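A.B. asks: Under this note's numbering, the first residue of the sequence shown is numbered 397, with each subsequent residue one higher. No residue lacks a Cβ here, since even glycine has one placed at the ideal position from N, Cα and C. Predicted model only: the values in this text are computed from it and were never measured.
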Amino acid sequence: MLFPKDFLSQGEALNSLLRKIHEGRMTHALLISGEEGLGKWSLAQALAAALLCEDDSPLARPCGKCRACIQMESLLHPDLIVIRKGAPLVPSDVKTSIPVSDIQEMIRRVGLKGYEGTRRVVLVRHAEDMNDSAQNKMLKTLEEPPEETYFLMTCVNADKLLPTIVSRCQLFKMHAWKTDEIVSQLERKGYEHAKAEDAALESGGSPGRALQIAGDEAYWAFRDEILRDFFGCTERSRISEISSRWKDRKDQADALFSALNLYISRMMHASLLESGEAMPLEKLPDPWKSWLSRSAPGDYVRLLDAVSLARKRLMANVNFQIVVEQLIFALLEALDS
Numbered sequence: 397m398l399f400p401k402d403f404l405s406q407g408e409a410l411n412s413l414l415r416k417i418h419e420g421r422m423t424h425a426l427l428i429s430g431e432e433g434l435g436k437w438s439l440a441q442a443l444a445a446a447l448l449c450e451d452d453s454p455l456a457r458p459c460g461k462c463r464a465c466i467q468m469e470s471l472l473h474p475d476l477i478v479i480r481k482g483a484p485l486v487p488s489d490v491k492t493s494i495p496v497s498d499i500q501e502m503i504r505r506v507g508l509k510g511y512e513g514t515r516r517v518v519l520v521r522h523a524e525d526m527n528d529s530a531q532n533k534m535l536k537t538l539e540e541p542p543e544e545t546y547f548l549m550t551c552v553n554a555d556k557l558l559p560t561i562v563s564r565c566q567l568f569k570m571h572a573w574k575t576d577e578i579v580s581q582l583e584r585k586g587y588e589h590a591k592a593e594d595a596a597l598e599s600g601g602s603p604g605r606a607l608q609i610a611g612d613e614a615y616w617a618f619r620d621e622i623l624r625d626f627f628g629c630t631e632r633s634r635i636s637e638i639s640s641r642w643k644d645r646k647d648q649a650d651a652l653f654s655a656l657n658l659y660i661s662r663m664m665h666a667s668l669l670e671s672g673e674a675m676p677l678e679k680l681p682d683p684w685k686s687w688l689s690r691s692a693p694g695d696y697v698r699l700l701d702a703v704s705l706a707r708k709r710l711m712a713n714v715n716f717q718i719v720v721e722q723l724i725f726a727l728l729e730a731l732d733s
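#1: For residue 494 versus residue 535, is the C-beta spacing smaller than 8 Å?
#2: For residue 600 and residue 572, I'd like the C-alpha separation in whole angstroms.
#3: Provide the residue span of the beta strand (DSSP E) that contains residue 478, from first to last.
#4: Between residue 593 and the rest of its own chain, which residues show a CB-CB distance below 6 Å, the 5 nearest in sequence each way excluded?
#5: Tell me which residue opens and which closes the alpha helix (DSSP H) that residue 465 is part of.
#6: Going by C-alpha to C-alpha distance, which of 547, 576, 623 sits closest to residue 606?
#7: Mind checking residue 520: buried by the 16 CB within 10 Å criterion, or exposed?
#8: So, for residue 527: in the same chain, excluding its five sequence neighbours on each side, which residues have a beta-carbon less than 8 Å away from its beta-carbon?
#9: Alpha carbon to alpha carbon, what distance is there between residue 652 and residue 622?
#10: For residue 732, does the three-state DSSP call read helix, strand or coil?
#11: To the nearest angstrom, how far is the alpha carbon of residue 443 from that of residue 584?
#12: To which residues of the same chain is residue 427 closer than 6 Å at the C-beta, ignoring the five residues directly before and after it?
#13: What do you get for residue 425, buried or exposed, if any count of 16 or more other CB atoms within 10 angstroms of its CB means buried?
#14: Within the same chain, show all residues whose beta-carbon is closer than 7 Å to that of residue 569, passing over the 5 residues directly before and after it, in chain order.
#15: What does the Cβ neighbour count give for residue 404, buried or exposed, with the cut at 16 atoms within 10 Å?
#16: Which residues in the same chain as residue 674 place their Cβ atom closer than 7 Å to its Cβ, once the five residues preceding and following it in sequence are excluded?
#17: Measure the alpha-carbon distance for residue 411 versus residue 538 and round it to whole angstroms.
#18: Anyone know if the C-beta pair for residue 434 and residue 602 falls short of 8 Å?
#19: Which ranges does the beta strand (DSSP E) cover as unbroken runs of at least 3 residues, wholly within the segment 407-459, from first to last along the chain?
#20: To the nearest whole angstrom, what separates the beta carbons of residue 610 and residue 582, a pair I think is in contact under 8 Å?
#21: Could you work out which residue in 647, 626, 646 is closest to residue 637 when comparing CA atoms only?
#22: Any chance the segment 507-521 sits against the segment 440-456, with 3 or more Cβ pairs inside 8 Å?
#23: Tell me the DSSP secondary structure of residue 711 in three-state form.
#24: Considering only residues of the same chain and omitting the five flanking positions on each side of residue 596, which have a CB-CB separation below 6 Å?
#25: Quick check on the burial criterion: 16 or more other C-beta atoms within 10 angstroms. Buried or exposed for residue 589?
#26: Between the Cα of residue 730 and those of 687, 710, 712, 658, spot the shortest distance and give me the residue it belongs to.
#27: Cβ atoms of residue 506 and residue 484: under 8 Å apart, would you say?
#28: So, at 8 Å on beta carbons, what are the nonlocal neighbours of residue 683 in its own chain, with the 5 sequence-adjacent residues on each side left out?
#29: Rounded to whole angstroms, what's the CA-CA distance from residue 525 to residue 461? Just pull it up for me.
#30: Based on DSSP bridge pairs, tell me the residues matched to residue 569.
#31: Look at residue 681 and residue 604 and say whether their C-beta atoms are less than 8 Å apart.
#32: What do you reckon, are the CB atoms on residue 399 and residue 458 nearer than 8 Å?
#33: Using C-beta distances below 8 Å, list every residue in its chain close to residue 671, excluding the 5 sequence neighbours before and after it, in chain order.
#34: On the three-state DSSP scale, how would you describe residue 672?
Structure representation (structure tokens):
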């Protein structure tokens, strides 16, 4: 299981939150927000374990060894209520949102005496999935929360929640993780350093995304293909050949443009830092490695503009093969400058 201390790099706000738990001053409602893959749900579970842990020392919670902690690993603690879309607490035909019946059942349960102790914890995953009726019902509960009941909710987009719900919660916003932190996490899961570093650099600061792509060989094959075709092309005579291979792959256009943006941004960082830390440069074709040494910031802006223009052309229904040809031509012009 993950422990709250695994998230200490999220800053002083987390330290403050942990102090409140250890001192018995935890807020009754916490809303953890942030992009997908940052670990919001994992943090919520770790905090729930700290609240339900049976260790005699508050500073040792969660201990990871007591019965409560073991039950929390599989989210089966009797004083824990988990609410999420697609897993209703009571039979329901609603699959696309969290229905009001789930909130009503949660209210009924927290009104009962605790099974193992005095505390109850309610975990809500993607709180913005609550439909309007469920949100209004949750608001009433947050306004008058049952004693010793703690609500730990996660969300990607807090704007989809009622402002009154947000105002009744302590807010905790998760930020992107540093590359070396993600690398360490992946190495602990058994990935070799080189693969862990590649995945961390591709992840945009998201440990969840890094874990998802680290073992996805198709993902890395696609990335290598982009390097070969778009950065490996050094002759205009090959543009037609390459574009022919891509002409029927319009469904991969967004992934292609995103990858190009990412590679160009890394190249820029590597150039500015005069190091390869921002991108594994050994994968970059030799002509571009040489180009890095003479490039200027404006060159990268023009490359990023070329990718942006390709997106706009595709949205304007320009033939995808033509879009690819124009994009490769723009890369070659930059390389020849």
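C.D. replies: In this structure, then:
#1: Judged by beta-carbon spacing, residue 535 lies beyond the 8 Å limit of residue 494, meaning their Cβ atoms are not closer than that value.
#2: The straight-line gap from Cα to Cα measures roughly 7 Å.
#3: Counting along the chain, the beta strand (DSSP E) containing residue 478 begins and ends at 476-479.
#4: These residues qualify, in order along the chain: 579.
#5: Where residue 465 is concerned, the enclosing alpha helix (DSSP H) stretches over 463-469.
#6: Measuring C-alpha to C-alpha distances from residue 606 to each of 547, 576, 623 identifies 576 as the nearest.
#7: Buried, by the Cβ-count rule.
#8: The beta carbon of residue 527 is closer than 8 Å to those of 490, 493, 494, 495, 496 in its chain, skipping five residues each way along the sequence.
#9: Cα to Cα, the separation comes out at about 7 Å.
#10: Here residue 732 sits in helix by DSSP.
#11: When only Cα atoms are considered, residue 443 and residue 584 end up about 21 Å apart.
#12: Closer than 6 Å at the Cβ level, and outside the excluded window around residue 427, lie 549, 565, 567.
#13: Looking at its Cβ environment, which holds 16 or more other Cβ atoms inside 10 Å, residue 425 is buried.
#14: Cβ contact annotation for residue 569 (same chain, cutoff 7 Å, sequence separation greater than five): 429, 430, in chain order.
#15: Under this definition residue 404 is an exposed residue.
#16: Confidence in residue 674 is poor, its pLDDT being 46 and thus under 50, which makes the residue's placement unreliable; the coordinate value appears in the next sentence. Exclusion of the five residues before and after residue 674 leaves 662, 665, 666 as the residues of its chain whose Cβ lies within less than 7 Å of its Cβ.
#17: Distance between the alpha carbons of residue 411 and residue 538 is about 24 Å.
#18: In this structure, residue 434 lies near residue 602, with their beta-carbon atoms less than 8 Å apart.
#19: Runs of beta strand (DSSP E) with 3 or more residues, each lying fully within the segment 407-459, are found at 425-429, listed in chain order.
#20: A Cβ-Cβ separation of about 6 Å places residue 610 in contact with residue 582 under the 8 Å criterion.
#21: Measuring from the Cα of residue 637, the nearest candidate turns out to be 626.
#22: Three or more pairs of CB atoms, one per stretch, sit closer than 8 Å, so the segment 507-521 contacts the segment 440-456.
#23: Looking at residue 711 - three-state DSSP - the assignment turns out to be helix.
#24: Spatial neighbours of residue 596 in its own chain (CB-CB distance under 6 Å, excluding positions within 5 residues in sequence) are listed in chain order as 575, 578, 579, 606.
#25: Exposed, since its Cβ has fewer than 16 Cβ neighbours within 10 Å.
#26: Closest by alpha carbon: 687.
#27: Taking 8 Å as the Cβ cut-off, residue 484 and residue 506 do not qualify as a contacting pair.
#28: The answer, listed in chain order, is 630, 731.
#29: C-alpha separation (whole angstroms): 33 Å.
#30: According to DSSP, which records beta bridges pairwise, residue 569 is partnered with 429.
#31: Not closer than 8 Å, so no.
#32: The answer is yes: Cβ separation under 8 Å.
#33: At residue 671 the pLDDT is 48, less than 50, meaning the model places this residue with poor confidence; the figure from the coordinates comes in the next sentence. Shown here for residue 671: not one same chain residue has a beta carbon closer than 8 Å to its own, the five before and five after excluded.
#34: Reliability of the predicted coordinates at residue 672 is poor, the pLDDT of 46 falling under 50, and no value is obtained from them.
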